[in-house]
Structures are given as C-alpha cells and as structure tokens.
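>
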Amino acid sequence: KIKLDYGPLYHGKRQDPAMKKWRENRFGQFIHWGLYSIPGGVWEGKTYGYAAEFLKASAGISTERWNGLKDEFNPTEFNGKEWASMAKAMGAKYVCLTTKHHEGFCLWPSKYTEFDIENTPYQKDLMKEFVDAYSEAGIDVYLYYSVLDWYHPDWRTKLKTMDDVEAFERFKTFTQNQLVELLERYPQVKGLWFDGTWDQCWKDNGKFSYELEVLLKEKRPGLIVNSRLRADDFGKRHRDSNGDLMGDFESGYERRLPDPRDTSVTKNDWECCMTIPENQWGYHKDWTLTHQKNTNELLEMLAQCSSQGGNFLLNFGPNGKGVFRAEEKRIAREIGEWMKTNSAAIYGSDYAGLKKQDWGYFTKNTKSGEVYMIVFNVPISYQLRVELPKHQTISKANMVGIGQELQLEKFDSNETFVLLPPKSYTSPFVIRLELKANKKSQ
Ligand SMILES: Cc1ccc([C@@H]2N[C@@H](C)[C@@H](O)[C@H]2O)cc1
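In terms of our numbering, the sequence shown opens at residue 153 and continues consecutively.
1. When DSSP labels each residue in this structure, what does Asn-463 get in the three-state scheme?
2. Anyone know if the C-beta pair for Val-607 and Leu-540 falls short of 7 Å?
3. Please return the same chain residues whose Cβ sits closer than 8 Å to the Cβ of Pro-305, not counting the five positions on each side in sequence.
4. Are there three or more Cβ pairs, one per stretch, closer than 8 Å when the region 470-490 is compared with the region 543-554?
5. Which same chain residues end up closer than 7 Å to Gly-462 when comparing Cβ atoms and leaving out the 5 residues on each side of it in sequence?
6. Going by the beta-carbon positions, is the gap between Leu-249 and Phe-282 smaller than 7 Å?
7. Specify the secondary structure class of Asp-609 as computed by DSSP and reduced to three states.
8. Taking only three categories from DSSP, how would you classify Asp-315?
9. DSSP on Asp-502, reduced to helix/strand/coil?
10. What does the Cβ neighbour count give for Lys-155, buried or exposed, with the cut at 16 atoms within 10 Å?
11. Can you tell me which of the three DSSP states Val-570 falls into?
12. What's the gap between the Cα of Pro-573 and the Cα of Met-453?
13. Regarding Glu-224 and ligand 1, is the C-beta to nearest heavy atom distance less than 6 Å?
14. Phe-206 to Tyr-188, Cα distance in whole Å?
15. Under the criterion of a Cβ to heavy atom distance below 6 Å, does Asp-400 qualify as lining ligand 1?
16. Give every residue of the same chain whose Cβ lies closer than 6 Å to the Cβ of Phe-386, excluding the five residues on either side of it in the sequence, and list them in chain order.
17. Does DSSP put Lys-208 in a helix, a strand or coil?
18. Span of the beta strand (DSSP E) holding Gly-180?
Below, the structure is given as structure tokens:
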C-alpha cells in the first residue's frame with residue numbers, strides 16, 4: 153500500500169444512520185436548473201444538439217452575453233411544493249439540485265458573488281423554498297455544487313505561473329466559503345454532490361480537498377459527499393493511489409451502469425446518475441434529437457442499481473420559468489404508479505448475493521431479508537428458470553401486488569422453474585420468494 157496523507161477518511165461502507173438512510177433511499181431525483189435552462193439548447197434561432205447546459209460553448213457565446221442571461225432569470229412559475237409533490241408521487245426518496253453549475257450562476261443569495269439569484273428579476277431565495285418544500289415532503293435534500301466555475305476570475309484549469317497559483321488560492325477560499333455558506337443557510341441538507349473537479353488545478357490540490365471534506369463533515373456531522381470531491385496526494389480521483397474509494401459513495405456512473413454481472417461494485421456504496429434523453433441535463437427545447445428513455449427502460453436501470461447495491465438518481469431539467477416538460481411529468485407519474493405496488497423490492501434493498509440471470513434482477517431487503525425477483529424478460533416458454541446456490545431452493549413464490557401464488561417445478565439440484573400464467577406482460581413485475589435450505593439427502 154502506498155502511504156497517503158490525503159486518502160480516504162475511512163475504509164469500507166459507513167454504517168451510521170445518515171448513510172444507512174442514503175442506502176435505503178435507493179431512488180432519487182436529480183434537478184439541473186440554471187441560466188442554461190432559459191435558452192434550452194437554442195441560440196439565435198439555431199438548435200444545438202449537444203448537452204443544453206454547455207450551450208455557451210457549443211454556440212460560441214461570449215461570456216458577457218451569457219452572463220447577461222441572469223437579467224432574464226425570472227422563474228415566476230416555480231413552485232417548490234408542486235415540484236416536491238411530483239417527486240413524492242414518483243417515489244423519489246431524495247433529491248439533488250444544482251446550486252451552481254459550471255456557468256457559475258448561484259441559485260442562492262451568496263455573500264461571495266453577485267452572480268446569483270439576488271441579482272435577477274426574481275431576487276428571492278429560491279433555494280430556501282426548494283429545500284423547505286422537499287424536506288417537508290419527507291424527501292432528503294442533497295446539493296450539487298460545481299467546483300469548476302466559468303464566471304469566477306480566479307478559476308484556473310491548470311496552475312502554470314505563480315499568478316495562477318495565487319489566483320487559485322483565492323479561488324479555493326471562495327469555494328470553501330460558498331460551501332460553508334450553503335450548509336449554514338440550509339441546515340436540512342444531507343449531503344453535497346460535487347462535480348467539475350477533473351482539471352489539473354484540483355488534482356494538484358489533494359490536500360485541500362481532504363481538508364475540505366474534514367471541515368464540511370465537522371460542520372455537518374453525518375454529511376454525505378460523493379467521490380468526485382476528492383483528489384489524493386498524487387492527484388488520483390474517486391479512488392486513491394491504492395484503489396480505495398474516497399468520499400462516501402462512488403459517483404462515476406454518469407449516464408452509464410456497471411455490467412449487471414459485476415459483483416465488485418457491491419464493495420462500496422455507489423450511485424448512477426441518468427438523463428432521460430441521451431445526454432441532456434439542463435432543459436433542452438427539442439428532445440426529438442436523440443433517444444428518449446421510456447419508463448420501463450428507466451425502471452430496469454433502477455432495478456439493476458438496487459440489485460448491485462447502488463442508488464439511481466434520475467435527472468429532470470425544468471425550463472427557465474420553473475416548469476417541467478410534459479414527458480418528464482408523464483414519466484414521473486408512470487414510475488410512481490409502478491413504485492406504489494413494487495417499491496418493497498427497491499427501498500431498503502441491496503445485492504442479494506445471487507447470480508444474475510436473464511429474466512431480470514434479484515434484490516434482497518436488508519431489514520426483512522425478503523428476496524425479490526424483478527422480472528423484465530418473460531421467456532416465450534412462460535417458465536422462469538431460477539438458479540440458486542446449491543443449499544437453497546424456492547419454497548414459495550408470489551406475485552407482489554395481486555399476491556397470486558405461482559406454481560413451482562424443482563429441476564436438477566439447484567434450479568426451480570417458476571411458472572407464469574401465459575398472458576401478455578407489458579410492464580416489469582416483482583415476485584417475492586421464500587427460500588429454504590435444500591435437504592442434503594436429495
Ligand atoms: C464532459 C462533461 C462535463 C461535465 C458534465 C456534467 N456532469 C453531469 C452530472 C452534468 O452536470 C453535466 O453537465 C458532463 C460531461
């Protein structure tokens with residue numbers, strides 16, 4: 153092992169109540185909202201297909217023109233309670249909102265910059281309304297914060313000269329001040345979701361990132377931070393120079409999932425963040441440009457994450473007025489419908505320690521020990537062939553919701569056919585299993 157002064161604060165999975173709640177939550181809502189939400193990927197009549205939150209770059213917009221968007225930011229239709237009730241109905245147990253994305257615009261009134269909500273026609277502390285509404289709805293609030301800041305004069309991607317180093321020292325102080333300010337202004341916040349830490353400037357500041365994690369966790373005991381905050385002594389990120397995770401959960405799965413058979417991911421807590429279109433985090437006016445994931449596709453991702461001991465953070469991008477798209481509202485409603493019947497297989501679930509098979513995903517409820525099959529692929533034989541470890545067999549199988557008991561047919565020493573009534577299955581369903589030890593004699 154390489155000796156590190158600025159590696160992880162601890163090893164393994166945290167077992168304190170705050171982290172256990174994070175783990176039980178399993179399903180969260182990501183929200184990207186900022187000045188980029190106003191143009192929505194269209195500039196001077198031209199539509200740009202790349203991620204809408206990068207429109208400044210894709211359309212080659214000058215900094216002053218882009219920053220001028222703050223004088224148009226007036227989300228009069230924003231209603232925190234409405235947002236929170238949509239998320240509640242969807243079944244999200246936590247939410248993560250962009251307080252400041254790479255553009256540097258702050259959705260809260262910050263003492264440390266004038267590029268914030270206070271200096272817009274809207275003026276009000278939108279973040280407070282948001283945090284209060286979601287907290288009152290019983291949804292844990294996390295805050296996304298981009299270290300990368302296109303607006304701030306002291307931001308540097310790499311530190312080439314002494315001038316750069318001095319500027320970046322000021323930038324580090326600014327960053328720390330803003331983060332402490334967020335924790336002080338919004339005491340309900342459970343954690344911070346860092347982004348924009350891939351540049352050399354940050355890799356050269358592993359010590360600072362370590363001290364920042366210590367400081368923030370002292371300020372807010374139980375605070376949860378993602379793996380993107382940290383760099384180690386040698387500039388390694390997410391995992392240190394020994395391959396050990398830094399931060400409280402691995403957050404490198406962005407718009408992608410691990411291989412469903414990869415059991416190594418179960419060693420740490422981890423989260424996949426996902427867009428509904430192929431690659432739009434901020435609001436984009438035209439979702440027809442790329443594939444839009446449908447509800448069953450998203451439910452499969454949620455099920456896979458739970459089956460491998462990870463969380464699923466599904467992104468929504470409200471427009472500049474604070475309104476979600478019709479597609480997003482429909483998907484939220486449809487996911488919520490499914491969760492009403494099947495959430496026992498998701499909330500409080502974890503890796504079941506069973507082999508992944510083609511019909512779908514196993515999960516296990518850590519409290520009850522209940523084992524579930526979340527089925528996405530019904531074979532044309534209508535027989536689910538279920539393989540368990542040698543010493544285990546299925547004694548009972550019930551469809552969750554309707555409760556119907558399914559016929560079982562033992563096969564070989566450790567396989568069971570679960571027989572499905574032959575009919576059309578148009579959405580994923582959950583089977584609750586009762587397992588029993590195999591009699592040694594057979
Ligand atoms: C190359 C690249 C940089 C930043 C991102 C940001 N991370 C996601 C979580 C979004 O915030 C996206 O804008 C995506 C791709």
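We put the CB at the ideal spot given by N, CA and C, even for glycine.
On the basis of the coordinates in this document:
1. On the sequence shown, residue 463 is found 311 positions in, with the first residue counted as 1. Reduced to three states, the DSSP call for Asn-463 is strand.
2. Residue 607 lies beyond the residue range present for the chain, which begins at 153 and ends at 594; the question has no answer from this structure.
3. Taking the first residue of the sequence shown as 1, we reach residue 305 at position 153. Result list for Pro-305: Ala-319, in chain order.
4. no
5. Locating residue 462 in the sequence shown gives position 310, where the first residue counts as 1. Here the set comprises Val-417, Trp-422, Glu-423 and Cys-424.
6. Here residue 249 refers to the residue found at position 97 when the sequence shown is read from its first residue. Here residue 282 refers to the residue found at position 130 when the sequence shown is read from its first residue. A contact, by the Cβ cut-off of 7 Å.
7. Nothing can be reported for residue 609: it is not among the residues displayed for the chain, which extend from 153 to 594.
8. Translated into positions along the sequence shown, residue 315 becomes position 163. Asp-315: helix per DSSP, three-state reduction.
9. Taking the sequence shown and counting its residues from 1, the one referred to as residue 502 is at position 350. In this structure, DSSP gives Asp-502 an extended state, which the three-state scheme calls strand.
10. On the sequence shown, position 3 is the one that residue 155 refers to. The residue in question, Lys-155, is exposed, as its Cβ has fewer than 16 Cβ neighbours within 10 Å.
11. The residue given as residue 570 occupies position 418 in the sequence shown. The answer is strand: DSSP assigns Val-570 an E or B state.
12. Your numbering for residue 573 matches position 421 in the sequence shown. Your numbering for residue 453 matches position 301 in the sequence shown. Approximately 26 Å, taken between the alpha carbons.
13. The sequence position of residue 224 within the sequence shown is 72, counting from 1. Checking the Cβ of Glu-224 against ligand 1 gives no.
14. As a working note, residue 206 is residue 54 in the sequence shown. As a working note, residue 188 is residue 36 in the sequence shown. Distance between the alpha carbons of Phe-206 and Tyr-188: 8 Å.
15. Position 248 of the sequence shown, counted from the start, is the residue given in the question as residue 400. Incorrect: Asp-400 has no Cβ contact closer than 6 Å to ligand 1.
16. Numbered from its first residue, the sequence shown carries residue 386 at position 234. Exclusion of the five residues before and after Phe-386 leaves Ser-393 as the residues of its chain whose Cβ lies within less than 6 Å of its Cβ.
17. Position 56 of the sequence shown, counted from the first residue, corresponds to residue 208. Lys-208: helix per DSSP, three-state reduction.
18. On the sequence shown, residue 180 is found 28 positions in, with the first residue counted as 1. Residues 179-183.
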